[in-house]
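In the numbering used here, the protein residues as written are 77 to 272. Using N, Cα and C, we set each Cβ at its ideal position, and we do this for glycine too. See structure below.
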């Protein structure tokens with residue numbers, strides 16, 4: 077079966093998420109973008125009893141508006157109530173996610189908002205702070221999932237920051253892997269950090 081490049085990547089990411097997530101889980105979309113990951117996560121964690129929670133954040137109001145619009149179009153009112161959106165940098169996620177929250181997934185799309193202003197990008201400094209916060213929040217059996225876009229200025233630097241962070245994680249507590257297309261040097265790189 078052939079899917080477009082982005083659909084193949086999305087298919088793989090969602091497949092990994094499904095192996096980690098359970099109905100009723102708490103998850104974080106650290107970079108909402110256009111809302112597709114927010115909706116995908118919501119569908120995986122929302123259950124009939126109204127449990128499950130998605131915390132979404134982005135520094136761009138346009139991204140939050142896009143996410144809100146997608147939620148309006150694709151999910152029920154009951155499901156929408158399980159999503160909490162915040163207009164903040166991903167480095168400040170610990171300010172909005174309750175300290176006692178059992179977070180099972182933190183997802184990042186690093187780069188710029190598709191269809192948005194390409195001069196507004198995630199940067200290594202705040203991404204590193206966000207990864208440190210995510211590491212502290214994640215429960216055993218959880219996952220930090222990253223899609224790192226490297227085809228723009230600063231993208232490769234950010235990938236190096238992510239790789240350095242991952243390489244410092246204890247092998248006893250973490251399984252860290254990277255998926256990269258060998259014949260497309262500017263393709264986004266997938267990074268999965270599983271907490272044992």
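- Look at the segment 217–256 and you find these whole runs of beta strand (DSSP E), each 3 residues long or longer: 250–255.
- Nearest in C-alpha terms to residue 162, of all of 141, 175, 180 and 262, is 141.
- A check of alpha carbon separations from residue 159 across 246, 189 and 123 identifies 123 as the nearest.
- DSSP places residue 168 in the helix class (H, G or I) of the three-state scheme.
- The three-state reading of DSSP puts residue 123 in coil, since its state is none of H, G, I, E or B.
- When the beta-carbon positions are compared, residue 87 and residue 120 stay at least 9 Å from each other.
- Nearest C-alpha to residue 272 among 229, 219, 234 and 231: 219.
- When the alpha-carbon of residue 249 is set against those of 112, 216 and 97, the nearest one is in 216.
- About 17 Å separates the beta carbons of residue 111 and residue 128, which is beyond the 8 Å limit, so they are not a contact pair.
- Assignment of residue 129 by DSSP, reduced to helix, strand and coil, places it in the strand class.
- Short of 7 Å from the beta carbon of residue 204, and not among the five residues preceding or following it, lie these beta carbons of its own chain, in chain order: 237 and 241.
- Of the candidates 245, 152 and 184, 184 places its Cα closest to the Cα of residue 131.
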